[in-house]
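For the sequence shown, the numbering used here begins at 2 and goes up steadily by one.
Here's the structure, in structure tokens; my notes come after.
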Amino acid sequence: MLLVALLVGSAAPLPAIAQSDSDPGGQQGATLRVGLQQQIDSLNPFLGYSLAATDIFRAVYPTLTTYSPEDFSVTPELAESWESSPDKRTWTFHIRPDVQWSDGQPVTAHDAAYTFNRMMRDPAAATANGNFVENFETVTAPDDSTLVIRTRTPQATMLAIDAPIVPEHVWSEVDDVANFANDRMPVVGGGPFTITGHRPEQDVTLTANQDYWRGAPEIDRLQFIQFKNSDAAVQALRKGDIDVVQKLTPAQFDALAGEENIEQVKGQGRRFFELILNPGAANSENQPIGTGHPALQDVQVRRAIDHAIDREALVDRVLGGYGQLGGGYLPPIFDDYHWTPPDPRRFDPAQANRMLDEAGYQRGQDGIRRTPQGEPLNFDFVLHGDESMDNQVGQFVKRWLADIGIRVNLQPVSDNQVNDRTETGDFDMVISGWSANPDPDYVLRLQTCSSRPGPDGGGTPDSFLCDRRYDELYASQLAEFDPAKRIDLVKQAQSRFYEQATGLILYYQNSLEAYRSDRYSGFTTQPANNGVITGQQGFWGYYGAEPTQKAINGDRGPDYAAIAWVAGGLIVLLGVVIVLVLVRRRATADDRE
């Protein structure tokens with residue numbers, strides 16, 4: 002009997018796939034499971050600005066307008082129509098009737114007015130999307146269906162206000178936005194999905210909004226499952242534990258070619274990847290903050306570093322050819338605004354060394370250059386610890402900068418630590434990147450003086466550039482309604498940013514994805530030509546997903562717990578048989594003795 006007990010004990014169930022408390026494994030209906038390899042910085046739409054968070058917000062909260070899946074053109078969303086005054090300072094939006102929040106309350110113009118006014122008066126509420134309301138003078142709702150926004154100066158981005166609109170009857174009860182996690186389930190939303198489950202660092206579960214004004218999604222649930230790295234996500238896709246994986250590395254993408262029931266998706270991304278050099282971080286009161294090396298305040302040092310970076314090698318060896326060389330600030334997917342430096346700083350270590358020599362940064366006996374004051378050029382390079390490509394870029398940059406007399410200390414940390422250290426200026430160099438919108442204003446503002454944090458924190462700084470000429474160009478493009486003139490101003494702003502070399506655009510990576518074709522089809526890609534499913538500018542990929550019968554029946558791939566118990570039962574049965582045979586043999590032997 003001891004043998005039986007031991008065998009039973011060995012049959013402990015293996016881990017099953019992640020399930021939120023609100024989404025038990027036996028539930029019928031299609032659940033689209035998306036693998037994330039980025040931390041969700043917040044479920045609070047006033048605070049969260051990571052790609053993972055904004056992907057969720059677009060599926061949960063309405064916006065005044067949205068972008069067409071076909072070509073990124075502006076299309077109505079909560080506002081079904083609009084007009085502006087002749088001076089372009091007063092905009093009237095007509096709110097779509099019969100739209101409901103997920104708790105049954107009507108969505109009205111008062112909710113939109115509340116959202117924008119909260120962002121205007123509460124610095125914490127302006128953390129993620131404050132740039133949209135920075136130029137607003139007043140926002141009013143004369144009635145349930147009319148929203149009126151008056152701006153201080155003409156603002157060309159009025160049809161590109163991408164801020165999530167929240168229900169006033171819920172958020173007016175929140176006194177402290179900065180410390181509100183927005184994790185009381187279910188979360189009240191008004192988009193095609195509602196957040197119904199959340200396990201920090203594990204998963205977020207969304208349930209289809211059956212009353213969504215465009216019509217309910219084809220799927221019943223949408224689950225974002227977090228993985229520590231993309232290798233784990235790819236293995237989960239192979240096993241059928243998730244349905245979509247994004248942010249694939251080139252090697253992973255190539256390895257999935259031809260695999261049964263897996264379809265690959267490759268398209269242009271809207272993200273740029275940059276190496277930020279701390280130019281002397283300061284807050285909005287021009288008080289120095291952070292730990293930046295003083296040598297990086299010299300634009301000649303920053304430009305010399307740019308000459309030491311081989312972008313062609315990065316695209317070839319890190320991206321496997323799945324991308325384009327970095328140059329201008331805005332990625333090529335937005336071809337109207339994309340700008341290429343006419344005289345780019347090409348890979349030229351000899352030129353980099355000459356520039357540092359001429360600027361007075363001489364090498365010491367150890368080969369490391371020093372400032373005129375004698376401080377060695379030892380730079381801390383902050384990387385996303387769970388991103389394999391960050392590590393590869395870091396190794397290349399470390400080697401290249403060693404050739405020009407700069408020592409680099411690689412510091413891989415979590416996604417949230419990268420964000421925290423970037424916002425507080427606690428870095429010399431850091432890998433960063435942003436997903437640009439079809440309207441370039443949001444990312445252009447990241448480089449303005451006004452994006453810097455206040456004395457008490459906040460803000461959304463990228464490279465801590467604070468340059469008068471850049472700010473002038475930014476303000477001019479914001480007020481320009483002539484498309485050709487605005488495009489020219491946006492390109493001039495990119496040129497000025499390039500001159501200052503606070504953010505070195507390394508490359509524009511193709512978006513590489515894969516999905517389970519045995520469970521889903523009919524994904525809407527954005528844009529229609531050369532687009533992808535996830536992480537673009539809207540909820541279209543998830544909303545348009547068409548489940549197969551296998552997905553509808555709730556087949557989630559292997560149920561490892563069930564398999565373990567079946568295996569355990571067989572082992573127990575085998576153990577009983579063995580014991581009975583041994584007993585019988587012992588009795589027979591006794592008879593013979």
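Note that CB positions come from ideal geometry on N, CA and C, so glycine has one too.
- Going by C-alpha positions, residue 96 is about 12 angstroms away from residue 214.
- With respect to the C-alpha of residue 516, the residue from 383, 500, 533, 503 having the closest C-alpha is 533.
- Boundaries of the beta strand (DSSP E) around residue 515: 512-517.
- The distance from the Cβ of residue 91 to that of residue 78 is about 21 angstroms, inconsistent with a contact at the 8 angstroms cut-off.
- Positions of the alpha helix (DSSP H) runs, each at least 4 residues long and wholly inside the region 355-428, are given as 389-403, 416-424 in order along the chain.
- By the criterion of a C-beta distance shorter than 6 angstroms, residue 134 is surrounded in its chain by 117, 120, 121, once the five residues flanking it on both sides are discounted.
- In this structure, the CA atom of residue 466 is about 20 angstroms from the CA atom of residue 438.
- One thing to note: residue 380 has its Cβ within 8 angstroms of the Cβ of residue 294.
- The straight-line gap separating the alpha-carbon atoms of residue 124 and residue 146 is approximately 27 angstroms.
- By the Cβ-count criterion, residue 512 is buried, with 16 or more other Cβ atoms from all chains shown falling within 10 Å of its own Cβ.
- For residue 430, no alpha helix (DSSP H) segment is defined; the enclosing uninterrupted segment is the beta strand (DSSP E) at 430-436.
- Between residue 226 and residue 243, the beta carbon gap of about 6 angstroms places them in contact (Cβ cut-off 8 angstroms).
- Residue 354 counts as buried, since no fewer than 16 other beta carbons sit within 10 angstroms of its beta carbon.
- The criterion of a C-beta distance shorter than 8 angstroms is not satisfied by residue 60 and residue 241.
- CA-to-CA, the gap between residue 433 and residue 383 works out to about 9 angstroms.
- Apart from the 5 residues on each side of it in sequence, residue 298 sits with its Cβ closer than 8 angstroms to the Cβ of 280, 281 in its chain, given in chain order.
- The C-alpha of residue 391 is placed about 45 angstroms away from the C-alpha of residue 93.
- Distances from the alpha-carbon of residue 289 to those of 425, 545, 473 put 425 closest.
- For residue 304 and residue 169, the gap between their C-alpha atoms comes out near 49 angstroms.
- The beta carbon of residue 76 sits closer than 8 angstroms to those of 66, 67, 68, 69, all from its chain and outside the five residues before and after it, given in chain order.
- Along the length of the region 122-170, whole alpha helix (DSSP H) runs at least 4 residues long occupy 131-134, reported in chain order.
- Excluding the 5 residues flanking it on each side, residue 324 has same chain C-beta neighbours closer than 7 angstroms at 316, 508, 509, 510, 511, in chain order.
- Residue 471 sits away from residue 487, with the two beta carbons spaced by 8 angstroms or more.
- With a cutoff of 8 angstroms on beta-carbon distance, residue 494 and residue 478 are scored as near each other.
- Counting along the chain, no alpha helix (DSSP H) covers residue 68; the unbroken beta strand (DSSP E) around it starts and ends at 66-68.
- Per DSSP, the unbroken alpha helix (DSSP H) holding residue 542 starts and ends at 541-544.
- Judged by DSSP secondary structure, residue 480 falls outside any beta strand (DSSP E); it is assigned neither H nor E.
- The three-state reading of DSSP puts residue 309 in coil, since its state is none of H, G, I, E or B.
- Excluding residues up to 5 positions away in sequence, 33, 219, 220, 521, 523, 524 lie with their Cβ nearer than 7 angstroms to the Cβ of residue 546 in the same chain.
- Less than 8 angstroms divides the Cβ of residue 37 from the Cβ of residue 53.
- When the Cα atoms are used, residue 464 and residue 99 turn out to be separated by approximately 44 angstroms.
- The residue from 529, 152, 475, 548 with its alpha-carbon nearest to that of residue 269 is 529.
- A residue is called buried when at least 16 other Cβ atoms come within 10 angstroms of its Cβ; residue 455 does not meet this threshold and is exposed.
- Looking at the backbone, the Cα of residue 481 and that of residue 441 are separated by about 13 angstroms.
- Of all alpha-carbon atoms in 252, 335, 361, 188, the one lying nearest the alpha-carbon of residue 296 is that of 361.
- Taken in chain order, the unbroken stretches of beta strand (DSSP E) that lie wholly in the region 237-314 and span 3 residues or more are 263-268, 272-278.
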